[in-house]
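Here the numbering used here = 1-based position in the sequence shown + 254.
Below: one structure, written as structure tokens.
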Amino acid sequence: MIGEYVRVTAAQLDRAIQDPDWALDHVEEVQDSEEESEPAPAGARHFSTYKAWGLLGYLLERAEVPVNVIHGEETFAEGRDWGYGPPRCLRPDRVRLAARTLRATPYERLVAGVDPADLTRAEVYPLGWDEPGVLEWGRNWYDGLTDFFEAAAAADEGMLVWLD
Numbered sequence: 255m256i257g258e259y260v261r262v263t264a265a266q267l268d269r270a271i272q273d274p275d276w277a278l279d280h281v282e283e284v285q286d287s288e289e290e291s292e293p294a295p296a297g298a299r300h301f302s303t304y305k306a307w308g309l310l311g312y313l314l315e316r317a318e319v320p321v322n323v324i325h326g327e328e329t330f331a332e333g334r335d336w337g338y339g340p341p342r343c344l345r346p347d348r349v350r351l352a353a354r355t356l357r358a359t360p361y362e363r364l365v366a367g368v369d370p371a372d373l374t375r376a377e378v379y380p381l382g383w384d385e386p387g388v389l390e391w392g393r394n395w396y397d398g399l400t401d402f403f404e405a406a407a408a409a410d411e412g413m414l415v416w417l418d
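Structure (structure tokens):
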């Protein structure tokens, strides 16, 4: 399972909510257009947290981040499955709040006091938390996610969010 995000304008978000088939086509076009160029998160329209979404979700929930960055907040295509359930979205105001919160919460603060055994007990995906330095694995994904959200917030954009 892989955490996926696509930045959308407010008009595109409205269209996605009204026409989920268009949304899926749009997501595939964005992914295809960036597949080879692999832009940096701040310049990308698509971002993936790979399998780190479970770790990041655990850490962000523990830190009481007020936005559900990992899963999105509003289901907009009820009954449709984009991999592991229906897609969700974040409206531009929630993206702005998430971006501010992510930037104000350095990764060191997220992992402070976390024991990898906590992740195992909580059955955090993808499991295998007994490797040395395993908490460091999520840092690059978190940094990229922060940059991606900041770019979307600066452009007053929303997000489509799903697990694939």
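Heads up, the beta-carbon is just placed ideally off N, CA and C, and yes, glycines get one too.
Computed from a prediction, not measured in an experiment: that's the story for all the values here.
Leaving aside the five residues before and after W395 along the sequence, list all residues of the same chain whose C-beta is less than 6 Å from its C-beta, in chain order.
T303 and A306
Are there 16 or more other CB atoms within 10 angstroms of the CB of A270, so buried, or fewer, so exposed?
buried
Quick one: using the 10 Å Cβ neighbour count with 16 as the cut-off for buried, is S401 buried or exposed?
It is worth fixing the name first, because residue 401 is Asp in this sequence and not Ser. The residue is buried, with at least 16 neighbouring Cβ atoms inside 10 Å.
Pick helix, strand or coil for G311, following the three-state DSSP scheme.
helix
Where do the ends of the alpha helix (DSSP H) carrying E411 lie?
Run containing E411: none; DSSP gives neither H nor E here.
Host beta strand (DSSP E) of Y423 (start-end):
Lying before the first or after the last residue shown, residue 423 is absent from the chain, which here runs from 255 to 418.
Taking the straight line between their C-alpha atoms, what separation do you get for G308 and C343?
18 Å
For L424 versus G257, is the C-beta spacing smaller than 8 Å?
Shown here, the chain extends from 255 to 418; a query on residue 424 therefore has no answer.
Rounded separation between V365 and L389 - CA only:
Note on geometry: alpha-carbon atoms of V365 and L389 lie some 7 Å from one another.
Please report the straight-line C-alpha distance between T374 and T359, rounded to a whole angstrom.
23 Å
Would the region 259-273 and the region 294-301 be scored as touching if the rule is three or more Cβ pairs under 8 Å?
yes
Taking Cβ positions, are P346 and A331 nearer each other than 8 Å?
no
Classification of P274 by the beta-carbon crowding that lies within 10 angstroms, buried from 16 upward
buried
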